[in-house]
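Comments concern the structure below.
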Amino acid sequence: MTSPTPQSPAAPASGKPTLGFGIALGFLSALGPFAIDLYLPAMPEMAGALQGNENAVQRTLSAFFFGLAFAQIPIGALADRFGRRTPLIFGLALFILASFACSLATSLDQLVALRFVQGMGACAGTSSARAIIRDLHRGHHAARLMAFTFLIIGISPMLAPLLGSGLLQFVSWRGLFVILSGAGLLAAICVVLFLPETLTPENRAPDWSGLPRAFAALLGNGRFVGWAVVAGLATTVPFAFVTAAPFVYSGVYGLAPVWFSVLLAVNAGMSIVATQIAPHLLKRLGASRLALRAALGALAITAALGLASALLPGSVPLAGFQAYSVLLFMVAGLVLTPAATSALDSVREGIGAAAGLLGTIQLAVTALASAAVTLWPPVSLQPLTVVLGSAFALMLVIVLAISRSAAPEQA
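According to UniProt numbering, the stretch in the sequence shown is residues 1 to 411, in order.
Structure (structure tokens):
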């Protein structure tokens, strides 16, 4: 663990984060998930108001994700050049303005473009939070703070649609975007009040000339790239599952949407529990052993489930599939925190750029795996088990390669 620098008052001398620090991190972590999920219940209303269909409205989700992915690397580079606070506050300002502009959109094309800009603004919170944590801590202590941000990220998708449904009793879909704009303003106030600069001037990149070399060095750092891909594979698990689950629950098991929504909430809850356990297991086992055990167990069970469903269609009962899905989400929660922490721990300088590249790799891996699930007709468990089995197998290979590398484990 590295102690906070004397110039950074973001954490007290004891090394424990302050309440204000936690509040600011919480707002930054929740902003993106709430921007994704708050307006989902309003999609039918939006389709009618903007003279489109629900499929067209869904493009606004894709646009947000593209903005989130696109801005990761430039935000990280700016954070290394000018410090963490300035790009963060600029990003939040962009999010505030774009959210308010979304409320004034008169066509779906306008809304799609504005959602892209909104995603770019939200990216500042995600990328900067990771870099700030890494500025102050490493190893187990960094994992505890990472786990806190993942806790907020995990809770947000469970609460946001419910909150959106409740707010629609009082405001229109346009009002939801005004509320998101206000949430961005509140996050900016928390940053100004509680989140001092954590990157001292002497540790900043002096100019832009070193950026190509910095990214080349990151891409040439096998441990960083390996752990970043593992983190992406961990986030792949819930996203790929959610892509396939509605079809599996309704088509294979005949469940109504309200019931499989409850089951998905149970899965998300188990993932949250796992993210909070992960730092303690990381301290006891180390990142490599923890990821190896989780991936090996998940791969074995996924292979067994896929084989059973292929040889004996209809042989996997709903209770068995639900138990498997709970395991999936727990594995994702156990692996994500150690992987993200280890990726940043493998970097000595250019932490902002590393945090941005980490986010980009995660989103790219997750998007590819989620898209792969849709290549087969969702009439059985095969698409899900094939994609997730491949993800766990790749995770196992990468972690084995990392654990056998000459560089010492930093956990």
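Every residue gets a Cβ at the ideal spot worked out from N, C-alpha and C, and that includes glycine.
Please report the Cβ distance between residue i and residue j, rounded to the nearest whole angstrom; I am assuming they are in contact, meaning their Cβ atoms lie under 8 angstroms.
i: residue 121; j: residue 204; result: Their Cβ separation, rounded to whole angstroms, is 22 angstroms, which puts residue 121 and residue 204 out of contact at 8 angstroms.
i: residue 85; j: residue 229; result: At roughly 30 angstroms, the Cβ-Cβ gap does not stay under 8 angstroms, so residue 85 and residue 229 are not in contact.
i: residue 165; j: residue 41; result: 4 angstroms
i: residue 134; j: residue 355; result: 7 angstroms
i: residue 291; j: residue 339; result: 7 angstroms
i: residue 28; j: residue 128; result: 7 angstroms
i: residue 232; j: residue 364; result: 7 angstroms
i: residue 392; j: residue 275; result: Wrong, their Cβ atoms sit about 18 angstroms apart, outside the cutoff.
i: residue 384; j: residue 194; result: Not really, about 42 angstroms apart at Cβ, beyond 8 angstroms.
i: residue 75; j: residue 184; result: Wrong, their Cβ atoms sit about 15 angstroms apart, outside the cutoff.
i: residue 63; j: residue 116; result: 4 angstroms
i: residue 381; j: residue 309; result: 4 angstroms
i: residue 114; j: residue 98; result: 5 angstroms
Around the C-beta of residue i, are 16 or more other C-beta atoms found within 10 angstroms, so that it is buried, or is it exposed?
i: residue 87; result: buried
i: residue 306; result: buried
i: residue 48; result: exposed
i: residue 106; result: exposed
i: residue 130; result: buried
i: residue 315; result: exposed
i: residue 109; result: exposed
i: residue 206; result: exposed
i: residue 323; result: exposed
i: residue 189; result: exposed
i: residue 112; result: buried
i: residue 118; result: buried
i: residue 311; result: exposed
i: residue 304; result: exposed
i: residue 413; result: With the chain covering only 1 through 411, there is no way to say anything about residue 413.
i: residue 469; result: Absent from the structure is residue 469, since the part of the chain shown begins at 1 and ends at 411.
i: residue 297; result: exposed
i: residue 331; result: buried
i: residue 464; result: Examination of residue 464 is not possible in this model, given that the chain is present from 1 through 411 alone.
i: residue 162; result: exposed
i: residue 405; result: exposed
i: residue 13; result: Any reading at residue 13 is ruled out, since the residue's pLDDT is 36, under 50, leaving its predicted position unreliable.
i: residue 33; result: buried
i: residue 266; result: exposed
What would DSSP say about residue i, mapped onto helix, strand or coil?
i: residue 199; result: coil
i: residue 317; result: coil
i: residue 128; result: helix
i: residue 106; result: coil
i: residue 83; result: coil
i: residue 74; result: helix
i: residue 51; result: coil
i: residue 324; result: helix
i: residue 192; result: helix
i: residue 170; result: coil
i: residue 62; result: helix
i: residue 206; result: coil
i: residue 312; result: coil
i: residue 185; result: helix
i: residue 405; result: coil
i: residue 38; result: coil
i: residue 20; result: helix
From the options, pick the residue whose C-alpha is nearest to that of residue i; which is it?
i: residue 270; options: 307, 329, 287, 214; result: 329
i: residue 289; options: 353, 395, 214; result: 395
i: residue 351; options: 167, 218, 173, 278; result: 218
i: residue 278; options: 225, 284, 334; result: 334
i: residue 198; options: 26, 402, 79; result: 79
i: residue 73; options: 132, 124, 33, 116; result: 124
i: residue 101; options: 174, 51, 92; result: 174
i: residue 71; options: 401, 202, 357, 251; result: 357
i: residue 264; options: 187, 308, 321; result: 321
i: residue 318; options: 249, 24, 103; result: 249
i: residue 342; options: 326, 390, 97, 399; result: 399
i: residue 336; options: 362, 61, 163; result: 362
i: residue 22; options: 67, 253, 187; result: 187
i: residue 419; options: 179, 234, 20, 226; result: No answer is possible for residue 419: the residues shown for the chain start at 1 and end at 411.
i: residue 237; options: 402, 346, 325, 273; result: 325
i: residue 91; options: 126, 66, 103; result: 126
i: residue 226; options: 390, 403, 176, 177; result: 403
i: residue 172; options: 46, 390, 26; result: 46
Should residue i be counted as a contact of the ligand COA given a C-beta to heavy atom distance under 8 angstroms?
i: residue 32; result: Ligands are entirely absent from the displayed structure, and the ligand COA is therefore not among its contents.
Would you say residue i reaches chain D, if we count a Cβ-Cβ gap shorter than 9 angstroms as a contact?
i: residue 309; result: Judged by its chain identifiers, the structure shown contains no chain D, having just a single protein chain.
inquiry  = For a minimum of 4 consecutive residues, which ranges assigned as the alpha helix (DSSP H) are wholly contained in the stretch 228-310?
reply    = Given a length threshold of 4 residues, each whole run of the alpha helix (DSSP H) inside the stretch 228-310 is given here in chain order: 257-285.
ask   = What runs of the beta strand (DSSP E), each 3 residues or longer, lie entirely inside the stretch 329-392?
value = none
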